Amino acid sequence: MAENHYENPPLTISKIGIIGAGVSGIAAAKQLYHHNPVVFEASDSIGGVWRTCAYNSTKLQSARKDYEFSDFPWPNRDDPSFPTHVEIVDYLESYAKHFDVLKFVKFNSKVMELRFVGQQGTTELGGNGGAFGSPLPGHPVWQIAVQTNGSQNLQWYAFEFVVVCIGKYGDIPKIPSFPHNKGPEMFQGEVLHSIDYCKLDKDAASQLLKGKKVAVIGYKKSAIDLAVECAEANQGPEGQPCTMVVRTLHWTVPHYSVWGLPFFLFYSTRASQFLHEKPNQSFLRTMLCYLLSPLRRGVSKFIESYLLWKLPLQKYGLKPDHPFEEDYASCQMAIMPENFFTEANKGNIVFKRSSNWWFWKEGIEFDDNTKMKADVVILATGYDGKKKLKTILPDPFRSLIEYHPSGIMPLYRGTIHPLIPNMAFVGYIESVANLHTSELRSMWLARYVDEKFKLPSAENMLEQIYKEMEVSRRITRFYKRHCISTFSINHGDEICEEMGWNSWRKRSWFAEAFSPYGSQDYRLKN
Numbered sequence: 001m002a003e004n005h006y007e008n009p010p011l012t013i014s015k016i017g018i019i020g021a022g023v024s025g026i027a028a029a030k031q032l033y034h035h036n037p038v039v040f041e042a043s044d045s046i047g048g049v050w051r052t053c054a055y056n057s058t059k060l061q062s063a064r065k066d067y068e069f070s071d072f073p074w075p076n077r078d079d080p081s082f083p084t085h086v087e088i089v090d091y092l093e094s095y096a097k098h099f100d101v102l103k104f105v106k107f108n109s110k111v112m113e114l115r116f117v118g119q120q121g122t123t124e125l126g127g128n129g130g131a132f133g134s135p136l137p138g139h140p141v142w143q144i145a146v147q148t149n150g151s152q153n154l155q156w157y158a159f160e161f162v163v164v165c166i167g168k169y170g171d172i173p174k175i176p177s178f179p180h181n182k183g184p185e186m187f188q189g190e191v192l193h194s195i196d197y198c199k200l201d202k203d204a205a206s207q208l209l210k211g212k213k214v215a216v217i218g219y220k221k222s223a224i225d226l227a228v229e230c231a232e233a234n235q236g237p238e239g240q241p242c243t244m245v246v247r248t249l250h251w252t253v254p255h256y257s258v259w260g261l262p263f264f265l266f267y268s269t270r271a272s273q274f275l276h277e278k279p280n281q282s283f284l285r286t287m288l289c290y291l292l293s294p295l296r297r298g299v300s301k302f303i304e305s306y307l308l309w310k311l312p313l314q315k316y317g318l319k320p321d322h323p324f325e326e327d328y329a330s331c332q333m334a335i336m337p338e339n340f341f342t343e344a345n346k347g348n349i350v351f352k353r354s355s356n357w358w359f360w361k362e363g364i365e366f367d368d369n370t371k372m373k374a375d376v377v378i379l380a381t382g383y384d385g386k387k388k389l390k391t392i393l394p395d396p397f398r399s400l401i402e403y404h405p406s407g408i409m410p411l412y413r414g415t416i417h418p419l420i421p422n423m424a425f426v427g428y429i430e431s432v433a434n435l436h437t438s439e440l441r442s443m444w445l446a447r448y449v450d451e452k453f454k455l456p457s458a459e460n461m462l463e464q465i466y467k468e469m470e471v472s473r474r475i476t477r478f479y480k481r482h483c484i485s486t487f488s489i490n491h492g493d494e495i496c497e498e499m500g501w502n503s504w505r506k507r508s509w510f511a512e513a514f515s516p517y518g519s520q521d522y523r524l525k526n
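Every letter in the sequence shown is one number past the one before it in the working numbering, and letter 458, counting from 1, is 458.
1) How would you call Ser257, buried or exposed, if buried means at least 16 neighbouring beta carbons within 10 angstroms?
2) Would you mind giving the Cβ-Cβ distance between Met409 and Tyr428, rounded to the nearest angstrom? I have them listed as a contact below 8 angstroms.
3) On a Cα-Cα basis, can you pick out the residue from Arg115, Asn36, Asp79, Ile88 that is closest to Val101?
4) By the three-class DSSP mapping on this structure, what secondary structure does Cys331 have?
5) Counting C-beta neighbours from all protein chains within 10 Å, is the total for Ser431 16 or more, i.e. buried, or is it exposed?
6) May I ask which residues mark the beginning and end of the beta strand (DSSP E) holding Ser109?
7) Can you look up Val432 in the DSSP assignment and give me helix, strand or coil?
8) Whole angstroms is fine: what's the gap from Val146's alpha carbon to Ser194's?
9) Where Tyr316 and Ser503 are concerned, what is the direct C-alpha to C-alpha distance, given to the nearest angstrom?
10) When you compare the region 174-183 with the region 25-40, are there three or more beta-carbon pairs, one atom per stretch, that lie closer than 8 angstroms?
11) Tell me the DSSP secondary structure of Ile175 in three-state form.
12) Quick one: what's got a C-beta closer than 8 angstroms to Trp444's C-beta in the same chain, skipping five residues either side?
13) Mark Asp521 as exposed unless 16 or more other C-beta atoms lie within 10 angstroms of its C-beta, in which case mark it buried.
14) Closer than 7 angstroms: is that where the CB of Leu11 sits relative to any heavy atom of the ligand MG?
15) Classify Ile408 as helix, strand or coil using the three-state DSSP reduction.
16) Which one or two residues does DSSP pair with Arg353 in a beta bridge?
17) Taking the C-alpha atoms as reference points, what is the distance between Gly127 and Gly133?
18) Would you identify the three-state DSSP class for Ala63, choosing helix, strand or coil?
19) Is it true that the CB of Pro394 sits closer than 8 angstroms to the CB of Leu114?
20) Which residue's Cα is closest to the Cα of Asp203: Phe161, Asn56, Glu362, Pro140?
21) In three-state terms, what does DSSP make of Asn4?
22) Which runs of the beta strand (DSSP E) fall wholly inside the region 19-66 and span at least 3 residues, in chain order?
23) When the Cβ atoms of the region 506-523 are set against those of the region 466-486, are three or more pairs found closer than 8 angstroms?
24) Return the chain-ordered list of same chain residues with a C-beta closer than 7 angstroms to the C-beta of Lys210, the five sequence neighbours on each side being excluded.
25) Take the Cβ of Lys168 as the centre, count every other Cβ of all protein chains shown within 10 Å, and call the residue buried at 16 or more, exposed below.
26) State the Cα-Cα distance for the pair Gly385 and Leu400, rounded to the nearest angstrom.
27) Count Cβ pairs between the region 56-71 and the region 339-354 that sit closer than 8 angstroms; are there 3 or more?
28) What are the boundary residues of the alpha helix (DSSP H) that includes Met336?
29) Going by DSSP, which residues form a beta bridge with Cys198?
30) Suppose contacts are defined by Cβ-Cβ distances below 8 angstroms. Is Ala215 in contact with Ala329 by that definition?
31) Please return the same chain residues whose Cβ sits closer than 6 angstroms to the Cβ of Lys30, not counting the five positions on each side in sequence.
32) Assess, as a yes-or-no matter, whether the region 483-492 is touched by the region 268-281 under the definition of 3 or more beta carbon pairs within less than 8 angstroms.
33) Can you give me the Cβ contacts of Ile88 inside the same chain, cut-off strictly under 8 angstroms, excluding the 5 residues immediately before and after it?
34) CB Ala27 to CB Val163, shorter than 8 angstroms?
35) Once DSSP output is grouped into helix, strand and coil, what is the label at Lys390?
Okay, here's the thing in structure tokens:
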């Protein structure tokens, strides 16, 4: 964390500061437009991970109409193809220009440090119930140190309210730990993280991979895309196979159709989510969930049967041991690229299951005492979003990021930490469509900032958060991802009710029961 040598640094004072100009930051800036927020973006453009952490082949995993702002439809929203990362950045830039949000953004402005200058007592439980005061108290509560264009001098700003939108992905890679003398330093080849690979242009990426023995560590979406790019760079007799080192298997789907039925029927309607437990449900609803649990498991088995028929998962030892619904409930379902198994069938992608591995001089050694030679090892092992937050947050708030024993950051409505005053976090809760999730929470946040409603006490907010966490824990072993996909409509209902909106957004009861919910539903007049 950057050190500041001024006791009372010169300040630029504004009402609201937003950190990050990715999807969540732009959504928040648009909803808080009337407060003239100041948006700090470390890079030279908006787009967040879509610009900085995308491969050349990266595409959205859903249709355009499922990834759009409620008041800004895609111009070609009925195009069935998945948009590329370039198209997504273009869409975000068009949105920002259309709503004149870019004027708020300070580019090449990296936030180095935050200081809390409000009353410390507001973070404590007990007494007044830990309730926050006004979100805009009329005086600065947070100070932010910003480094502009790589300058060594820090510019200080002061705000009444801060919205953190730097997300869980990008910036800080999650690197595996290794036994002594068995780390990357022992390896004679090249080791890089997927975040480093993202920075390569198409020619440089091809040059890195072509004719090389490449090991990709991981089996989530970024690892799968990387393996395909590696296979495509190694066509022909000179090509080398890419080895995917897989520790935990996850279900993948080829497209959004199961035995001829649209995928949304199984998880994205009120009727389908009625099968799943939700927070704050009545005793009768709990009993119904229990009685309907065989049907819920049947839906998961029905989807698994299609995936095992459509994809050669058993042939390559890629069938997960856990039910499909556990991956869906933890937002880990990935769309498989069309040519992934085509390349595997040609021998250009091979698989190695291993719980533990480490480096040796010429490659990788596994816990079954086998070794593989490698020229390049790429770690598609994810990012450390919590460390990114802890880098800029001061004590005691740094320790509150993992306030819950599970290590999940407790966020009321996916936005407000009950023990951190005058601050919101947008983009830290996951669902099937994260853009929609961020926009709806930004709408809620803007109304909270405008004092259209009051927050519950800190105790009551924490109780609500823990109920959501317990639901997730009972549904999936991967609950620490804080995903709300199986009760996303209920989550939206509670947000609407808190804002004073009608929670049922459709035009008919049939549509309410059997059509999927999306961003366009929240554009309706209230």
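No residue lacks a Cβ here, since even glycine has one placed at the ideal position from N, Cα and C. Keep in mind that this is a model prediction, so the values were computed, not measured.
Checking against the coordinates, here is how it stands:
1) Counted from its first residue, the sequence shown places residue 257 at position 257. Here Ser257 is exposed. Its C-beta has fewer than 16 other C-beta atoms within 10 Å.
2) Numbered from 1 along the sequence shown, position 409 holds the residue referred to as residue 409. Numbered from 1 along the sequence shown, position 428 holds the residue referred to as residue 428. The pair is a contact, with the Cβ atoms about 6 angstroms apart (cut-off 8 angstroms).
3) Looking up residue 101 in the sequence shown gives position 101. Ranking the options by Cα distance to Val101, first place goes to Asn36.
4) Numbered from 1 along the sequence shown, position 331 holds the residue referred to as residue 331. Secondary structure at Cys331: coil, using DSSP grouped into helix, strand and coil.
5) Locating residue 431 in the sequence shown gives position 431, counting from the first residue. Buried is the call here.
6) Numbered from its first residue, the sequence shown carries residue 109 at position 109. 109-116 is the span of the beta strand (DSSP E), which, as asked, contains Ser109.
7) Position 432 of the sequence shown, counting from 1, holds the residue named residue 432. In this structure, Val432 counts as coil in the three-state DSSP scheme.
8) Mapped onto the sequence shown, residue 146 falls at position 146. Mapped onto the sequence shown, residue 194 falls at position 194. Distance between the alpha carbons of Val146 and Ser194 is about 27 angstroms.
9) As a position in the sequence shown, residue 316 is number 316, starting the count at 1. As a position in the sequence shown, residue 503 is number 503, starting the count at 1. Approximately 45 angstroms, taken between the alpha carbons.
10) No, because fewer than three Cβ pairs between the region 174-183 and the region 25-40 fall closer than 8 angstroms, the two stretches do not touch.
11) Working through the sequence shown from its first residue, we reach residue 175 at position 175. In this structure, Ile175 counts as coil in the three-state DSSP scheme.
12) Here the question's residue 444 lines up with position 444 in the sequence shown. Cβ neighbours of Trp444 beyond the five flanking positions: Arg413, Thr415, Ile495, Glu498, Met499.
13) Working through the sequence shown from its first residue, we reach residue 521 at position 521. The residue is buried, with at least 16 neighbouring Cβ atoms inside 10 Å.
14) Because no ligand of any kind appears in the structure shown, any question about the ligand MG cannot be addressed here.
15) Here residue 408 is taken as the residue at index 408 of the sequence shown, counted from 1. In the structure shown, Ile408 sits in coil (DSSP, three-state: anything other than H, G, I, E or B).
16) Walking along the sequence shown from the start, residue 353 turns up at place 353. Per DSSP, Val246.
17) As a first step, residue 127 must be located in the sequence shown, where it is residue number 127. As a first step, residue 133 must be located in the sequence shown, where it is residue number 133. Summary for Gly127: the model assigns pLDDT 36, below 50, so the residue's position carries little reliability; its value from the coordinates is reported in the next sentence. Cα-Cα distance, rounded: 14 angstroms.
18) Here residue 63 refers to the residue found at position 63 of the sequence shown. Note: Ala63 maps to coil in three-state DSSP.
19) Numbered from its first residue, the sequence shown carries residue 114 at position 114. Numbered from its first residue, the sequence shown carries residue 394 at position 394. It is a contact, given that the beta carbons lie within the stated cut-off.
20) Taking the first residue of the sequence shown as position 1, residue 203 is located at position 203. Comparing Cα positions, the closest option is Asn56.
21) The count along the sequence shown starts at 1 and reaches residue 4 at position 4. With a pLDDT of 43 at Asn4, under the threshold of 50, the predicted position of this residue should be treated as unreliable, though the coordinate-derived value follows. Residue state, collapsed to three classes: coil.
22) Qualifying beta strand (DSSP E) stretches, in chain order: 38-40.
23) Contact between the region 506-523 and the region 466-486 is absent, because fewer than three Cβ pairs lie under 8 angstroms.
24) In the sequence shown, counting from the first residue as 1, residue 210 sits at position 210. Excluding sequence positions up to five before and after Lys210, its CB lies within less than 7 angstroms of the CB of Ala233, Asn234, all in the same chain and listed in chain order.
25) Here residue 168 refers to the residue found at position 168 when the sequence shown is read from its first residue. Lys168 is buried by the Cβ-count criterion.
26) What you label residue 385 is simply residue 385 of the sequence shown in a count that begins at 1. What you label residue 400 is simply residue 400 of the sequence shown in a count that begins at 1. One C-alpha to the other measures close to 14 angstroms.
27) With a cut-off of 8 angstroms, the region 339-354 and the region 56-71 do not count as touching, because too few Cβ pairs lie within range.
28) In the sequence shown, the residue the question calls residue 336 occupies position 336. Element bounds for Met336: n/a, residue is neither H nor E.
29) Locating residue 198 in the sequence shown gives position 198, where the first residue counts as 1. Under DSSP, Cys198 takes part in no beta bridge, so it has no partner.
30) Reading the sequence shown from its first residue, position 215 is the one you call residue 215. Reading the sequence shown from its first residue, position 329 is the one you call residue 329. Going by C-beta atoms, Ala215 is not nearer than 8 angstroms to Ala329.
31) Reading the sequence shown from its first residue, position 30 is the one you call residue 30. Once the five neighbours on either side are set aside, the close Cβ partners of Lys30 are Phe99, Val101.
32) Counting Cβ pairs under 8 angstroms, three or more are found: they touch.
33) As a first step, residue 88 is located in the sequence shown; it is residue number 88 there, counting from the start. Correct list, in chain order: Gly47, Trp50, Leu60, Tyr67.
34) In the sequence shown, residue 27 corresponds to position 27, counting from 1. In the sequence shown, residue 163 corresponds to position 163, counting from 1. No, these two residues do not count as a Cβ contact at 8 angstroms.
35) For this step, residue 390 is matched to residue 390 along the sequence shown. Here Lys390 sits in helix by DSSP.
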